[in-house]
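Asker: Residue numbers (this note's numbering), protein chains in the order written: chain A, 92 to 200; chain B, 92 to 200; chain C, 92 to 200; chain D, 92 to 200.
One structure is given below, represented as structure tokens, and several questions about it will come after.
There are 4 protein chains.
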Amino acid sequence: MNNSHFSDCAQACIHCSLACTTCASACLKEQHLEMMRECIQRCLDCADICQLCARMEQKQSPFRQEMCALCAKACDYCAEECGKHQDEHCQRCAEACRQCAQECRKMAA
Amino acid sequence: MNNSHFSDCAQACIHCSLACTTCASACLKEQHLEMMRECIQRCLDCADICQLCARMEQKQSPFRQEMCALCAKACDYCAEECGKHQDEHCQRCAEACRQCAQECRKMAA
Amino acid sequence: MNNSHFSDCAQACIHCSLACTTCASACLKEQHLEMMRECIQRCLDCADICQLCARMEQKQSPFRQEMCALCAKACDYCAEECGKHQDEHCQRCAEACRQCAQECRKMAA
Amino acid sequence: MNNSHFSDCAQACIHCSLACTTCASACLKEQHLEMMRECIQRCLDCADICQLCARMEQKQSPFRQEMCALCAKACDYCAEECGKHQDEHCQRCAEACRQCAQECRKMAA
């Protein structure tokens, strides 16, 4: 995949959206499901917000900066929870959220 | 359809999202397409934002108030442009946007 | 909300999409979470598919019949699982899925 | 962006979804807008379908194969129209659609 035509922010958002979808889906199959309630909720929210943010960024929507500001918060919130869990999908999701929050903050500035 | 289990805000968002989708789609078929560029762009943005806002409202996302604040702005922006055109789909969309902006502002407060 | 400008199928899809979102979200807060894994997964899938189906129906996409056929299957699958649980959100979701499957099958025919 | 944890199909779908969004948005700004009606409509449809397909693929939805089959058709349909236009965004979109159709057909098989 040649991503060179998408902004760093759009790419980070898409990466994060898919990582969150993966994490929520994997959490729903874990034995320790009881511990993952909060993680699943935050991942689902973050996946949706990042998905829309990537699209708005890509089409240069006049609301993209406000969306990026909101997306950065959703990413922080998700990373905070995912970062507590040792599952590989959680660690990977937390890392994607941190990168996405960083790119979104640059864009929102 | 019994909508009684959905909040007024979620219903207004969904109504507006579908009205915007309808309007953008109808604009693309108009003879006076040249005049509708801005209307189409704003409707597409507003349709996506309202759709996500309805979902976040429905699941009581911790970010729903911020999303509602953004949604209200996108609705105002779309209503401003749609309101200029006499086409029935534009007038109907502008009205849906105004109602949605009002409900979203109540929720964001 | 005046829904008279949306087709019965688009309305049933939107209703079902929000009912599935509500159900998945409520399941994640239930004490008997362990029993709800499958329900949550099916609801999340169905919510996304119904949401897109409503939009495609609304803009009269050339792929709306195929989307309706797929949506009907996703609704059946979700209703099958939700229908097993006595929680009010599950019963309501199962009912919304059944109605949506019916409308989608009419449209796909 | 490290994409190695996403399937080739999910990546192709996301790439195509963003390329379609970019193309529709750029078409709306072209002087020769009149010629681009069909292109915009097909790109918007394809962007939405690819976006959902990527997500369903990523979470291994039981409906992912049917969604991939539908997505491949939407990609073909979009590539057919975009391929007629010399604008760089159209050519790039047509290419993304062809690659996505190929990956989706492998997955649907």
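Note that beta-carbon positions come from the ideal geometry of N, C-alpha and C, so glycine has one too.
1. Taking 8 Å as the CB-CB limit, is B:Ser-152 close to chain A?
2. With distances taken between CB atoms, is the gap from A:Ala-110 to A:Ala-170 smaller than 8 Å?
3. For C:Gln-142, I'd like the list of residues in its chain whose CB is within less than 6 Å of its CB, leaving aside the five on either flank, ordered along the chain.
4. Using the Cα positions of A:His-96 and D:His-180, report the straight-line distance between them to the nearest angstrom.
5. Do C:Ala-165 and C:Cys-104 have their beta-carbon atoms positioned less than 8 Å apart in this structure?
6. I need the straight-line Cα distance from A:Ser-98 to C:Arg-183, nearest angstrom please.
7. Alpha carbon to alpha carbon, what distance is there between A:Arg-155 and A:Gln-193?
8. With 8 Å as the C-beta to C-beta threshold (strictly closer), list the residues of the segment 158–170 of chain C near chain D in chain order.
9. Let me confirm a value: A:Lys-150 is counted as buried when at least 16 other C-beta atoms fall within 10 Å, else exposed. Which label applies?
10. What residue range does the alpha helix (DSSP H) around B:Ser-116 cover?
11. Please go through the same chain and pick out, in chain order, the residues whose beta-carbon is closer than 6 Å to the beta-carbon of B:Ala-199, but skip the five residues on each side of it.
12. For C:Met-92, would you say it is in contact with chain D, using Cβ-to-Cβ distances shorter than 8 Å as the test?
13. Under the assumption that C:Arg-100 contacts C:Cys-173 (Cβ atoms under 8 Å), give the Cβ distance between them as a whole number of angstroms.
14. Is B:Arg-196 close to chain A, meaning its C-beta is less than 8 Å from at least one C-beta of that chain?
15. Locate the alpha helix (DSSP H) running through C:Lys-150, then write down its first and last residues.
16. Within 10 angstroms of its Cβ, does A:Glu-125 collect 16 or more other Cβ (buried), or is it exposed?
17. Pull up the distance between the alpha-carbon of C:Lys-197 and that of D:Arg-196, whole angstroms please.
18. Give me the chain C residues within the contact set of D:Arg-146, using Cβ-Cβ distance strictly less than 9 Å, ordered along the chain.
19. Look up D:Glu-121 in the DSSP assignment and say whether it is helix, strand or coil.
Answerer: The short version:
1. yes
2. no
3. Ser-108
4. 10 Å
5. no
6. 42 Å
7. 15 Å
8. Met-158, Leu-161, Lys-164, Ala-165 and Tyr-168
9. buried
10. 99–118
11. Gln-156, Cys-159 and Ala-160
12. Below a pLDDT of 50, predicted positions are generally treated as unreliable, and C:Met-92, at 44, falls in that range; the measurement from the model is reported next regardless. Cβ-Cβ to chain D under 8 Å: no for C:Met-92.
13. In the sequence on display, residue 100 of chain C carries Cys and not Arg. Not really, about 20 Å apart at Cβ, beyond 8 Å.
14. no
15. Unbroken run through C:Lys-150: none, as it is neither H nor E.
16. exposed
17. 28 Å
18. Asp-139
19. coil
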